[in-house]
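With mature numbering (1 follows the signal peptide of the UniProt record, and there is no 0) applied, the sequence shown corresponds to residues -18 to -1, 1 to 120, in that order. The beta carbon of each residue, even a glycine, is placed where N, CA and C say it ideally should be. Remember, predicted model here, so these are calculated numbers, not experimental data.
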Amino acid sequence: MRALILTLALLAPLPAWAAVVTAARTLPAGTVITAEDLRMAEDKRTGLADPSQAIGMQTRITIYEGRPIQSTLLQAPRLVARNQIVRLSFRRGPLRIETSGRAMSEGAAGEVIRVLNLESRSTVNARVNPDGTLSVLN
């Protein structure tokens, strides 16, 4: 019986330790991550293996010091905040129209959000550009 227990104990998987990216300090929700915010550590919990995957991303929730950084805790940085006054532009051929609008939700580069046109009071869908402006969709 002892041999069976010993054999089972030896065959049981041991927790695997691996180098993962962890928070060097507590990162409040909404923080854009820099290289100084990260450190590599040996941990049995899963997380990102390469710091470049986290640098420039924004935290969704507070990440406490020493906690492994997982991709589900990060999002693309928000360039537009809800209720922010933004510049809207519409282009079709040589025609270009620009006006102001109010963002109905937050958005990152490449995302489509709803925007209230402040002049016409109509709601339009617009794509967030990397510079923070919005392009009205046709």
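1. How about Gly12: is its C-beta nearer than 8 Å to some C-beta of chain D?
2. Mark Ala(-3) as exposed unless 16 or more other C-beta atoms lie within 10 angstroms of its C-beta, in which case mark it buried.
3. Contact check, Glu18 vs Ala6 under 8 Å by CB: the rounded distance?
4. Give me, in chain order, the residues of the same chain whose beta-carbon lies closer than 7 Å to that of Gly12; leave out the 5 immediate sequence neighbours on both sides.
5. In whole angstroms, what is the alpha-carbon distance linking Lys26 and Asp32?
6. Do you know how far the Cα of Asp113 is from the Cα of Ser82?
7. Have a look at the DSSP bridge pairing and note the partners of Gln57.
8. By the DSSP assignment, the beta strand (DSSP E) with Ser71 in it spans what residues?
9. Confirm, please, whether the CB-CB distance from Val62 to Ala89 is below 8 Å.
10. Based on the DSSP secondary-structure assignment, which residues constitute the bridge partners of Asn107?
11. According to the Cβ coordinates, are Thr16 and Ile45 closer than 8 Å?
12. Out of Gly75, Gly48, Ile43, point me to the one whose CA is closest to Met22's CA.
According to the structure shown:
1. No chain D is present in this structure, which holds just one protein chain.
2. So Ala(-3) counts as exposed.
3. 7 Å
4. Gln40, Thr41
5. 16 Å
6. Cα to Cα, Ser82 sits roughly 15 Å from Asp113.
7. Gln40
8. 67 to 74
9. Reading off the sequence shown, one finds Gly at residue 89, where the question assumed Ala. For Gly89 and Val62, yes; Cβs fall inside 8 Å.
10. Arg96
11. no
12. Gly48
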